[in-house]
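**Q** Numbering (our numbering), first residue to last: 109 to 452. A virtual CB, placed ideally from N, CA and C, is assigned to each residue, including glycine. Here the structure is a predicted model, which is why all the values come from computation and not from measurement.
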Ligand SMILES: [Zn+2]
């Protein structure tokens with residue numbers, strides 16, 4: 109004889125049609141059950157009307173929801189203006205969803221603050237936000253879950269990884285600086301394109317930017333100089349308005365992270381092979397007259413092993429690195445909190 113149904117049969121049974129109708133997305137936060145198996149497992153259905161309402165069991169008054177949003181709105185819902193809203197006539201399901209949404213978002217915001225401070229990997233590991241992204245990504249590469257074999261694959265795979273980490277953010281490639289700073293003079297940036305840019309909603313809300321390097325053909329001092337050039341570029345982005353920016357270097361050629369100081373020829377070897385702080389005016393190793401960058405902050409490169417000879421280093425720039433005050437509207441917490449409640 110068949111077993112009595114339990115909630116586990118809901119996804120394949122009585123919730124199936126509702127979820128399909130709503131495109132397998134939570135009507136409150138937009139979580140998409142068709143994107144991953146674990147997303148789908150966390151979907152359920154949410155009754156929009158209270159138990160005594162005669163229309164409660166009608167399909168149109170039941171919507172797809174993730175389990176968190178389902179519970180989140182109940183917390184505040186009953187004692188709110190629900191009764192006034194329902195009144196004599198039952199509102200449309202759309203109206204009811206819109207009515208519940210702010211309660212869901214309020215609860216999600218509280219949970220986001222808790223997650224950010226206590227649960228997020230970077231917080232637990234004592235790393236910065238970007239530090240956490242880099243460490244988690246490097247860990248995937250280290251156990252061969254992701255393959256990175258040149259600079260383009262690094263950009264591509266890391267972009268996918270960041271997009272999964274920040275579902276409500278825009279993660280874009282090769283964006284021109286003018287997209288974020290249309291009024292900045294052309295010559296105020298060392299480069300024009302950012303490898304990866306992460307922002308919320310629109311370019312006036314940048315979150316962070318990444319420059320990526322994975323040199324494959326030796327030329328150590330020249331490449332090291334290009335790392336410095338990227339750091340100068342990151343400083344420009346932060347000065348212009350990015351809260352944070354970072355350079356992520358992958359290297360499997362030990363010449364980038366160990367070996368002689370070669371102090372007579374260039375300070376570059378000291379920066380990348382011996383943890384000497386990067387700061388000030390740095391000359392291009394080939395001695396070209398135009399080849400010079402100035403770095404205002406002070407940065408120490410620390411290499412972390414990924415696997416075998418493959419290592420990574422992360423150089424982070426934020427407003428503190430440049431001695432600038434942290435403006436309230438650029439604080440990471442507020443930007444994140446906002447994004448976490450973005451339903452779509
Ligand atoms: Zn949800």
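With the cut-off set at 7 Å, would you say residue 271 and residue 305 are in Cβ contact?
**A** Going by C-beta atoms, residue 271 is not nearer than 7 Å to residue 305.
**Q** Looking at residue 392: is its Cβ nearer than 7 Å to the Cβ of residue 333?
**A** Yes.
**Q** For the 8 Å Cβ check, are there 3 or more pairs between the region 337–348 and the region 408–417?
**A** Cβ pair count under 8 Å is below three, so no.
**Q** On the three-pair Cβ rule with 8 Å, is the region 195–213 touching the region 165–177?
**A** At 8 Å Cβ cutoff, the stretches touch.
**Q** In whole angstroms, give me the CA-to-CA distance for residue 312 and residue 200.
**A** Computed Cα separation, rounded: 36 Å.
**Q** What is the rounded straight-line gap between the Cα of residue 220 and the Cα of residue 226?
**A** The straight-line gap from Cα to Cα measures roughly 10 Å.
**Q** Across the region 416–423 and the region 352–362, are there enough close Cβ pairs to call them in contact, namely three or more that are closer than 8 Å?
**A** As far as the Cβ criterion goes, the region 416–423 touches the region 352–362, which means the pair count is three or higher.
**Q** Can you tell me whether residue 368 is buried or exposed, with buried defined as 16 or more other CB within 10 angstroms of its CB?
**A** Label assigned to residue 368: exposed.
**Q** On the premise that residue 386 lies in contact with residue 400, defined as a C-beta separation below 8 Å, what is that separation, rounded to the nearest angstrom?
**A** Residue 400 to residue 386, Cβ: 14 Å. No contact.
**Q** Around the C-beta of residue 293, are 16 or more other C-beta atoms found within 10 angstroms, so that it is buried, or is it exposed?
**A** With fewer than 16 Cβ atoms within 10 Å of its Cβ, residue 293 is classed as exposed.
**Q** CB-CB under 7 Å to residue 366, same chain, minus the five flanking residues each way: which ones, in chain order?
**A** Here the set comprises 381.
**Q** Take the Cβ of residue 122 as the centre, count every other Cβ of all protein chains shown within 10 Å, and call the residue buried at 16 or more, exposed below.
**A** Per the 10 Å Cβ criterion, exposed.
**Q** What is the DSSP secondary structure of residue 210, counted as helix, strand or coil?
**A** Three-state DSSP puts residue 210 in a helix.
**Q** Given residue 236, which residues of its chain have a CB within under 7 Å of its CB, disregarding the five upstream and five downstream residues?
**A** Only 230, 424 meet the Cβ criterion.
**Q** Would you say the beta carbon of residue 262 is closer than 6 Å to some non-hydrogen atom of ligand 1?
**A** Residue 262: no, Cβ never under 6 Å from ligand 1.
**Q** Secondary structure at residue 405, three-state DSSP: helix, strand or coil?
**A** It is a strand residue.
**Q** Could you check whether residue 170 and residue 126 sit closer than 7 Å to each other, using their CB atoms as the reference points?
**A** Yes, these two residues count as a Cβ contact at 7 Å.
**Q** Are the CB atoms of residue 296 and residue 329 within a distance shorter than 7 Å?
**A** Their beta carbons are not under 7 Å apart, which means residue 329 does not touch residue 296 by this criterion.
**Q** Per DSSP, what kind of secondary structure is residue 281 in: helix, strand or coil?
**A** If DSSP states are grouped into helix, strand and coil, residue 281 belongs with the strands.
**Q** Please go through the same chain and pick out, in chain order, the residues whose beta-carbon is closer than 7 Å to the beta-carbon of residue 379, but skip the five residues on each side of it.
**A** Here the set comprises 332, 386, 409.
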